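Quick note: the sequence shown uses this note's numbering, first residue -15, plus one each step. Beta carbons are placed, not taken as given, at the ideal position from N, Cα and C, and that holds for glycine. Keep in mind the model is a prediction, meaning the values are calculated, not measured. First up is the structure itself, then whatever we jot down about it.
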Amino acid sequence: MPATATPTTTVTSTALPPAAADADVLFVRAVETAPHVWTFHVTVQHPDTGWEDYADGWDVVLPDGTVIKPEPDSPFTRLLLHPHENEQPFTRSQANIVIPADVTVVRVRAHDLVDGFGGREVVVDLTAVSGPDFEVERLPEND
């Protein structure tokens, strides 16, 4: 009986690169509470697994790269104090974010304990009412 060839299959990995586990900003709501003072409500998604790997903060970043920190000693604009394994995505807020009068656009980014920054960021146009992934509520202008 002649030998028959056994077909072989080559498996190529289609796993996503590690960046796929980065913390992503999904949505931002910016509310002006006083002239140039804002509260940001930021929705973040990250596959938190516990204290070893979780989204641990988010930042509001000016166009020149300056990170706004209401608490100067904080590592982020908003420090996230615990994992959110069972609450994804989640929204956390930070008040008293002072943005200079001449700044009209900010970037919001999230950080995770293992991979740092690198996930999806949201650019917020503070002069617009909304965009695809943000809302802005400004104080009424005085005439």
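In the DSSP assignment, no residue is bridged to S58.
With a cut-off of 8 Å on Cβ pairs, the region 36 to 52 is in contact with the region 60 to 75, counting three or more such pairs.
Secondary structure of L10 (DSSP, three-state): strand.
Put simply, the region 102 to 120 touches the region 9 to 24. At least three CB pairs are less than 8 Å apart. The continuous beta strand (DSSP E) containing I81 extends over residues F74 to V82.
Non-local C-beta neighbours of R122 in its own chain, meaning closer than 6 Å and more than five positions away in sequence, comprise E16, ordered along the chain. Taking 8 Å as the cut-off, the beta carbon of V9 is found closer than this to the beta carbon of V28. Remark: C-beta atoms of H20 and P116 do not approach each other more closely than 8 Å. For A94, the uninterrupted beta strand (DSSP E) run begins and ends at V89 to D96, by DSSP. Note: W22 is bridge-paired with E16 and I81 in the DSSP secondary-structure output. Put simply, the backbone Cα of V51 is about 17 Å away from that of A7. C-alpha of L46 to C-alpha of P56: approximately 16 Å in a straight line.
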